[in-house]
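Letter by letter, the sequence shown follows residues 1 to 390 of full-length UniProt numbering.
Ideal Cβ positions, reconstructed from N, Cα and C, are used throughout, including at glycine.
Notes to accompany the following structure.
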Amino acid sequence: MHSAQPADAALSRPLSMGGDGPQVAIKECLAIKGIVTRCGSRALAEGPVADENAAVVGALLARGCHIIGTANMHELAFGVTGVNAFLGTPINAKWPDRIPGGSSSGSAALMAAGRCDFAVGTDTGGSVRMPACCCGVFGMKPTYGRISRAGAIPAESSLDCIGPFAATTEMLTKAMSLMDPGFVACPPATEFRLGRVVVSAEAEIVAAFDKALACVRAAEITLEYFEAAYEAGLVIINAEAADAFAALAHEDNGMDETVRARILAAEAGRLGADISRAEEIRRMFRSEVDRALEDCDALVLPTMPVVPPLLADAGDMRALIPLTALVRPFNLSGHPAITIPILTEDGLPAGIQLVGRIGGDEALCAIAEGLAATIDINPEAFAGDKRNGH
1 MHSAQPADAA LSRPLSMGGD GPQVAIKECL AIKGIVTRCG SRALAEGPVA
51 DENAAVVGAL LARGCHIIGT ANMHELAFGV TGVNAFLGTP INAKWPDRIP
101 GGSSSGSAAL MAAGRCDFAV GTDTGGSVRM PACCCGVFGM KPTYGRISRA
151 GAIPAESSLD CIGPFAATTE MLTKAMSLMD PGFVACPPAT EFRLGRVVVS
201 AEAEIVAAFD KALACVRAAE ITLEYFEAAY EAGLVIINAE AADAFAALAH
251 EDNGMDETVR ARILAAEAGR LGADISRAEE IRRMFRSEVD RALEDCDALV
301 LPTMPVVPPL LADAGDMRAL IPLTALVRPF NLSGHPAITI PILTEDGLPA
351 GIQLVGRIGG DEALCAIAEG LAATIDINPE AFAGDKRNGH
């Protein structure tokens, strides 16, 4: 059993909508008819109620899912810790002294606490995969554009993807089939070729990653534009956040001052930002990843280069800089990606990230199911997690 506090902070508004199918939590930035789409922000709390459901919410309701409520989030989806002064910070159920991750903090925390069958989040720079990794659950960023963003805030984004959190790969695949009408699940893959992307990570992460994949063959791959793609992703996310929220940040509306400062800094940097160069990097990196995937079925690399910081250190920007280093590049390229939870030698959360071909979401889910069933992911550490029955 979990105390009321983490559940209340993570489930920002209890609801009871839909059929008797899987129980689902919906991130606060996705419209639900009849309530205000607050995005975890006091600045939007008194806004108009939504006239209709976001497309993904409508799809879930049409398939008989039961929505249990809205999931808390890092304010305006513009932060990586999940700390929220307005609605409270969701507690990382398995590691309560560590950040839940952001921006889909509530979705990850609810999933980790066993409060729903799956949860829906959004991922602009790692905001599904990173909190999933922090909280020890599975998470997926689908191919960019695969799931309609109609009814999402911000309305416009060239990076953001709506994706699921789940306790097993089997449920992750089911969630995708419920969220995306065009998704046709494949059987778990029994044979697949992996390409291991050469990246930098802390020794404890590398050790956990190597141990988990000890029985899996993977050829090493170097992505020349990987670090440039991370930087280009930052340029674009800052520009798009400024476009979406700068006017709001100039109002006296109770917005968290840290978030306000980040938005105003993004606005100030907008003029000097080389958007055209960032878009050029996007094209080159996407082509580079596509080429790498011609010789393998999926790329594999750690989800995070470090373990999640302590909540006490959540204000230290130096501790937060690395958190999205390995996930953000694939928002820029648009490729689908899944994180599989593993543990370090000290029992702290880490993750394996799988990256698939653009549009190949079904195949990537099948590989994730096959991989999770065969690797050493220390299942005894995840209470109640059956790992597809293995």
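Extent of the continuous alpha helix (DSSP H) run through THR173: Run containing THR173: 169-179, per the alpha helix (DSSP H) assignment.
Buried or exposed by the 16-neighbour rule on C-beta atoms within 10 Å, applied to ALA261: exposed
Cβ distance (whole Å) where MET171 is taken to contact CYS365 below 8 Å: The pair is not a contact, with the Cβ atoms about 11 Å apart (cut-off 8 Å).
Buried/exposed call for ARG387, threshold 16 Cβ in 10 Å: Confidence at ARG387 is low in this model, with a pLDDT of 33, below 50, so its placement is unreliable and the value that follows should be read with caution. By the 10 Å Cβ count, ARG387 comes out buried.
Cβ pair GLU362, VAL137 closer than 8 Å: No, these two residues do not count as a Cβ contact at 8 Å.
Under the three-state DSSP convention, the category SER127 falls into: Coil, per DSSP.
Runs of alpha helix (DSSP H) lying entirely within the region 350-381, each at least 4 residues, in chain order: The qualifying runs are 361-372.
Spatially closest choice to LYS33 from ALA43, LEU44, LEU61 and SER41, by CA coordinates: LEU61
Beta strand (DSSP E) runs wholly inside the UniProt domain "Amidase" (220-365), at least 3 long, in chain order: Whole beta strand (DSSP E) segments, 3+ residues: 298-302, 337-343 and 349-355.
Neighbourhood of ALA77 by C-beta distance below 7 Å, restricted to the same chain and skipping five residues each side: In the same chain as ALA77, and ignoring 5 residues on each side of it, the C-beta atoms closer than 7 Å to its own belong to CYS29, CYS39, SER103, THR122, THR124 and SER127, in chain order.
Length-filtered (4 minimum) alpha helix (DSSP H) runs lying within the region 65-123: 105-112
Own chain, CB closer than 7 Å to GLY79, minus 5 neighbours either side, in chain order: GLY102, SER103 and VAL259
N-terminal and C-terminal residue of the beta strand (DSSP E) that LYS141 is part of: 138-141
Three-state secondary structure assigned by DSSP to GLY163: strand
Identified DSSP bridge partners for LEU194: ALA218 and ALA298
Assigned exposure category for residue 453 - 16 Cβ within 10 Å defines buried: For the chain, the structure presents residues 1 to 390; residue 453 sits outside this window and is missing.
C-beta contact flag for ARG129 and ALA292 at 8 Å: Taking 8 Å as the Cβ cut-off, ARG129 and ALA292 do not qualify as a contacting pair.
Segment limits, alpha helix (DSSP H) that includes LYS211: 203-212
Neighbourhood of GLY370 by C-beta, 7 Å cutoff - its chain only, sequence neighbours within 5 removed: PRO188, ALA189, THR190 and PHE192
PRO154 to ALA239 span [Cα, whole Å]: Going from the Cα of PRO154 to the Cα of ALA239 covers about 12 Å.
Span of the beta strand (DSSP E) around GLY18: 11-18
Supposed contact pair THR339 and ILE352 - C-beta distance, whole angstroms, cut 8 Å: 7 Å
N-terminal and C-terminal residue of the beta strand (DSSP E) that ALA25 is part of: 23-27
Proximity of THR143 and ILE367 at Cβ, strictly below 8 Å: Against a cut-off of 8 Å, the Cβ pair of ILE367 and THR143 comes out as no contact.
Under the three-state DSSP convention, the category ALA54 falls into: In the structure shown, ALA54 sits in coil (DSSP, three-state: anything other than H, G, I, E or B).
Residues bridged to LEU30 [DSSP beta-bridge criterion]: ALA152
Check: CYS135 C-beta below 7 Å from any heavy atom of the ligand NAD: Absence of the ligand NAD is noted for the structure shown, with no ligands found whatsoever.
Integer Cβ distance of ALA31 from GLY151, believed to fall under 8 Å: 4 Å
Bridge partners - VAL49, DSSP secondary structure assignment: VAL36
Nearest to HIS66 (by Cα), restricted to the options PRO14, PRO329 and GLU224: PRO14
Spatial distance of ASP385 from CYS133 (CA atoms): Unreliable positioning characterises ASP385 in this predicted model, as indicated by a pLDDT of 39, which lies under 50. The coordinate reading is nonetheless provided below. Cα to Cα, ASP385 sits roughly 15 Å from CYS133.
ALA4 burial status per 10 Å Cβ neighbour count (16 or more: buried): Below a pLDDT of 50, predicted positions are generally treated as unreliable, and ALA4, at 35, falls in that range; the measurement from the model is reported next regardless. Within a 10 Å sphere around the beta-carbon of ALA4 sit fewer than 16 other beta-carbons, which makes this residue exposed.
CB of LEU299 within 8 Å of CB of VAL197, strictly: yes
Rounded Cβ spacing between CYS116 and ILE68 (contact assumed at less than 8 Å): 6 Å
Helix, strand or coil at ARG42 [DSSP, three-state]: helix
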